[in-house]
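Below you'll find the structure, written out as structure tokens, and then a few comments.
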Amino acid sequence: MSRRMNAALLIGLIGTPIAGSMAGMDYGRAIWGDDQIWWTPRTQALPLEATEDSFRIYLENEPLSHHLKRSSLTALGRDGMAYFVTPDLFRARINNWDRVKAGYLHSAVYSAFGLGVTLTCLVLGLIQFFREPPQPRRRVAGARPRTVRR
């Protein structure tokens, strides 16, 4: 007696481990990923104007960029001489982990959707597989019965 595998069961058996491992990897990278490797490289540090969409620094309730444009900030050099602070003296390094994490979670949503589809196929395929009665094996015409070795 044997049972026939149906297409839904086959899709579920193959797809569930694949989609499950993909969803687990994407979600795991987003949750436990290294958040310190996504900084802008030192050699490619951004000027202060290029970072205004990410953050702003305020000094006495006024953006730092306004102070720099007015030349209202001074600093002391190594030789003790005062000089005006200009915008080209500032460079910023940004941590892009939030964007990378969002990408990982975006991928995890699609992988989880695939996992849900394949799990549904697996459950429906198992229900159909066990609902059908086993079919007797067919013998080939003219074949001799096999002897059982003991």
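According to our numbering, the residues represented by the sequence shown are 14 to 163, in order. Glycine included, every Cβ here is placed at the ideal spot set by N, Cα and C.
Where residue i sits in the DSSP three-state scheme
| i | result |
| --- | --- |
| proline 100 | helix |
Neighbour-count burial assignment, residue i, 16 or more Cβ in a 10 Å radius
| i | result |
| --- | --- |
| leucine 89 | exposed |
| alanine 95 | exposed |
| alanine 32 | buried |
Residues near residue i by beta carbon distance below 6 Å, same chain, minus five either side
| i | result |
| --- | --- |
| aspartate 125 | According to the sequence provided, residue 125 is alanine. The question's aspartate does not apply to it. If we look at alanine 125 and ignore the five residues flanking it on each side, its Cβ neighbours are Ala36. |
| asparagine 109 | Trp51 |
| arginine 159 | none |
| leucine 128 | Ala32, Gly33 and Ala36 |
Pick from the options that is closest to residue i, judged by C-alpha positions
| i | options | result |
| --- | --- | --- |
| cysteine 134 | Ser15, Gly25, Arg17 and Met18 | Gly25 |
| leucine 23 | Ile140, Pro54 and Arg162 | Ile140 |
| serine 84 | Pro100, Arg91, Ile70 and Leu72 | Pro100 |
Neighbourhood of residue i by C-beta, 7 Å cutoff - its chain only, sequence neighbours within 5 removed
| i | result |
| --- | --- |
| serine 15 | Pro147, Gln148 and Arg150 |
| leucine 118 | Ala43 |
Contacts around residue i, its chain only, beta-carbon distance under 8 Å, and the 5 residues preceding and following it disregarded
| i | result |
| --- | --- |
| isoleucine 107 | Trp52, Thr53, Leu59, Thr64 and Ser67 |
Entirely enclosed alpha helix (DSSP H) segments - the stretch 35-116, minimum 4 residues: 77-83
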